[in-house]
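Each remark here refers to the structure printed beneath this line.
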Amino acid sequence: MKTINVYFFLSFIFSVLVLSRAADTIPIDQPLTDEKTINSSGGKFVLGFFSTTPTSSKRYLGIWFNKVSVLTVVWVANRDTPLNDKNGMLNFTRQGNLTLVNGSGGIVWSSNVTRRVQNPIAQLLDSGNLVVRDATENYLWQSFDYPGDTALPGVKVGVDLKTGFRRSLRSWKSRDDPSKGAFSFIFDPRGFPQPFLMNGSVARFRGGAWNGQSFANSPSLLPSPAYNYIFASDAEKIYFTYELKDSSAIARVVMQLNGFLELSTWNNQTQNWDNFGSAPADNCDIYAQCHAYGLCNSGNSPICRCLDKFEPKDPTEWARGNWSGGCVRNTTLNCQKEVKFLKYSGIKLPDTRFSWYGRGLTLNACHNLCLTNCSCVAYAKLDVTGTNEDCLLWFDELMDIREFGASGQDIYIKLDSSETDLATGNSSKDKLKKLRIGLPLAALGLLSALCLILYVRQKKKKNKKEEEDQNEQRFSEGRVARSSEMFYINESKNDDLDLPLFDFATILDATNDFSLSNKLGEGGFGPVYKGVLKDGQEIAVKRLSRYSAQGTDEFKNEVIFIAKLQHRNLVKLLGCCIQAEEKMLVYEYMPNNSLDWFLFDTNRKSLLDWPSCFHIINGIARGLLYLHQDSRLRIIHRDLKPSNVLLDIDMNPKISDFGMARSFGGNETGAMTTRVVGTYGYMSPEYAEEGKFSVKSDVFSFGVLVLEILSGIRNRGFFHPDHHHNLLGHVWIHFKEGRIMEVINTHLRELCNQSEVQRSVHIGLLCVQQHPEDRPSMSSVVLMLSSDVPLPLPKEPGFFTSRSQFGEVDTKSSKLGEHSGNELSITLLDAR
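According to mature numbering (1 follows the signal peptide of the UniProt record, and there is no 0), the sequence shown holds residues -25 to -1, 1 to 807 in order.
Take a look at the structure:
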């Protein structure tokens, strides 16, 4: 996005030389020059000339927020035709036209008002809308009809069906170039209208059909307490807009450079834009991710499966993760044979561009229409509010379906009658036959269940005391007291912690008996599963593996630390579960997985644009600063790496996995250990080689992480054909030679703020210096990232060389430098 730091904003204010603050109207035949600006009536917006960078000679006429400390442009008149100097002028003619002319008098841009009125008025409203009107408030022209990349509250995106005039958002070409970029946000009027995010002519994201409350359960377009959606569709117009419930709030919707549509609000406390929501929100928001008749669920692995009664068109490619072939019916439809409908619940309705909208038709009427039309493949009730009897019928392959559970909608898909027998029943004779077989089986099953219940109750009574004794032994440094709702872990200082104790049966039910389809991944602690509690809350369950190198100590360690830590960049622990040999931690679920899931995947890394990367770097830095300085105890994480940085729905980073953490009181900053724990490639030299750890050990890990984010390459296992250095050495060489942009990941290099990127590399190298005393503290890092304070030159990084020409470990390198073949946390015991 085109946000510019405070320094540039001040430079900008100086450069425009605001000689006068005109009223919110533009006088007729009194040009607005580069030396003046116009304020809106309430002072919320400014109209004037600007450049996108301090050194650029190109000038644009635009509107920006007046009460925001970071220059944020919301509309550009001449986005494709910049002025080449400061001699441009905005004229308002007696005919009611706004015209932008260059120094030689040539017209660069015009409002092209054709309707003539007496005494026209040009005015910048406090909504950010530049209007030309008559004395009775009738608009002859308004900037809201020609939005750029930003939709302010009240801007309508849609189509005038009478004239064909379309209003859409279009991204900037680059951070410094406001001309039309590749991405757009439009309304497609075909079938039943839907909002689409487009990459050129290719659909990237579909908002879904309006169901009376929202756009078909898209997670990024659901109703919110902060704003209202307004959707209108009739014979003359189709449009979508939004309004804020708090009129004093400052908000915007932006079509970003990277193809994300983002809603953000201005935070006066932090003086930053807070991301309120974005689309696509996850992988299942990418249009037709699972293709025809495929069902997407971002919580599953793999995320795509075929709808029930459907199978992959190409099973081999589907198994490889190539879902472009989609799915087909198990039994092909034949109009000459009997067909029935199977109900699929909890989904985002398919693409409606090839659907037919039946206004005022009951669901039963829709059923009959689809049944008698050979081309109809499915039908659904559209309005979920119950106020309208409307339905949709589909006449083509069903595309872009995702799973939503209880918040989704129902669709009825046409199938061969043989496929629906189990769901809908068959003849009465068949039903009677099934009943005769089923009743004895049901009775036998009931008897078996009663016997099992009696056995389990006796077993529980017998083992109750043994289980309590085992729990006592498991926490020899404290005690665990069980009740129906809470458990307590007491530290030596008698500082009690209380957390919800989840019943094992609850966890089993939430994770579907630890189903493989619910497994999110596995680390040194053990496997992690996604779960959904009965109230709908999504959770992540870390289940301690009995073969894990991390055991009871790490389990207790993580509970004690994370339970006491409260910060927006630290993962939240909801509770734990302890039963017999089972030990589990229950966390808030992070829908965007971990940072490494994006960072080191060829396809997914392109979803991390520079603003996202910089936001993640800053968030991790603030989380570490809290651990090192602002929390009650000084905490050293000791295992910071991309897989331990989780990302929430808004791509906010959250540091996780505190099983290796150590705490200190008072002015303590470090210690010695004979038990070296952590992950190869992220350990500092003094810790890996001598067992010395401190807050500067985390700083080193943070530096490695920053350089990995910027390069998109793992430090561990890095290889370059021209030299034998690791990633740190590779970046160091390019830094010294002034070629730092060559090491930046290609997709970041093309659309990034080069000064921010170069500064981030510089900070990363400062953090990975060989000697801990040379590395900055995290408070210094946060300051360096958020301001333009001068940066000292970094010294040679630790582990500068990770292998010699023949593959041996270099003397400057740790014995751990190149060993691990995976990214599990490790524990090494060194004799001293």
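Beta carbons are placed, not taken as given, at the ideal position from N, Cα and C, and that holds for glycine.
- Spanning the alpha carbons of aspartate -2 and alanine 157 requires a straight line of approximately 34 Å.
- In this structure, leucine 100 sits near serine 16, with a CB-CB distance shorter than 9 Å.
- With a beta-carbon spacing of about 6 Å, phenylalanine 171 and arginine 181 fall inside the 8 Å limit used to define contacts.
- Partner residues in the beta bridge of lysine 389, as assigned by DSSP, are Phe316.
- In its chain, beyond the 5 residues on either side, Trp585, Phe589 have a beta carbon closer than 8 Å to the beta carbon of glutamate 731.
- The three-state reading of DSSP puts proline 128 in coil, since its state is none of H, G, I, E or B.
- Inclusion of aspartate 124 and threonine 27 in the CB contact set at 9 Å is not warranted, their separation being larger than that value.
- Between phenylalanine 530 and lysine 558 a beta carbon distance of about 5 Å is seen, short of the 8 Å cut, so the two are scored as contacting.
- Considered as a whole, the stretch 578 to 618 harbours 585 to 600 as its complete alpha helix (DSSP H) runs of no fewer than 4 residues, in chain order.
- One thing to note: leucine 324 has its Cβ within 9 Å of the Cβ of isoleucine 386.
- Under the three-state reduction of DSSP output, isoleucine 482 falls in the helix class.
- In this structure, isoleucine 684 sits near isoleucine 592, with a CB-CB distance shorter than 9 Å.
- Here the alpha carbons of leucine 338 and leucine 599 stand approximately 55 Å from one another.
- In this structure valine 764 is exposed. Its beta-carbon is surrounded by fewer than 16 other beta-carbon atoms within 10 angstroms.
- Ser754 is the residue among Val561, Ser754, Ile610 whose C-alpha sits nearest the C-alpha of alanine 596.
- In the three-state scheme derived from DSSP, where H, G and I count as helix and E and B as strand, alanine 52 is classed as coil.
- Going by beta carbons, glutamate 394 and lysine 288 fall outside the 9 Å limit.
- For serine 581, the closest of Trp185, Arg724, Glu10 by C-alpha to C-alpha distance is Arg724.
- Judged by DSSP in its simplified three-state form, asparagine 339 adopts helix.
- Residue burial is scored here from C-beta neighbours: aspartate 257 has at least 16 other C-beta atoms within 10 angstroms and is therefore classed as buried.
- Taking the C-beta atoms as reference points, serine 569 is found nearer than 9 Å to serine 618.
- Secondary structure at glutamate 665: helix, using DSSP grouped into helix, strand and coil.
- Residue state for glutamine 70 is assigned as coil, using DSSP reduced to three classes.
- Proline 290 carries a helical assignment under DSSP once its states are collapsed to helix, strand and coil.
- Pairing threonine 654 with lysine 517, the inter-Cα distance amounts to about 19 Å.
- Annotation note: the stretch 149 to 228 contains the following uninterrupted beta strand (DSSP E) runs of length 3 or greater, listed N- to C-terminal: 152 to 163, 169 to 174, 177 to 181, 202 to 208, 212 to 219.
- By the Cβ-count criterion, aspartate 697 is exposed, with fewer than 16 other Cβ atoms from all chains shown falling within 10 Å of its own Cβ.
- When secondary structure is reduced to three states using DSSP, asparagine 493 falls in the helix class.
- Here leucine 583 has Phe573 as same chain residues with Cβ atoms under 6 Å from its own Cβ, once five neighbours each way along the sequence are excluded.
- It is roughly 35 Å from the alpha-carbon of asparagine 567 to the alpha-carbon of glutamate 771.
- A check of alpha carbon separations from leucine 741 across Ser85, Gly678, Cys551, Tyr657 identifies Gly678 as the nearest.
- For the set Thr360, Cys341, Leu357, the Cα lying nearest the Cα of cysteine 351 is the one of Cys341.
- CA-to-CA, the gap between leucine 317 and leucine 390 works out to about 7 Å.
- DSSP places glutamate 683 in the uninterrupted alpha helix (DSSP H) bounded by 670 to 686.
- A direct Cα-Cα distance of roughly 13 Å separates arginine 179 from aspartate 326.
- Note: arginine 280 is bridge-paired with Leu270 in the DSSP secondary-structure output.
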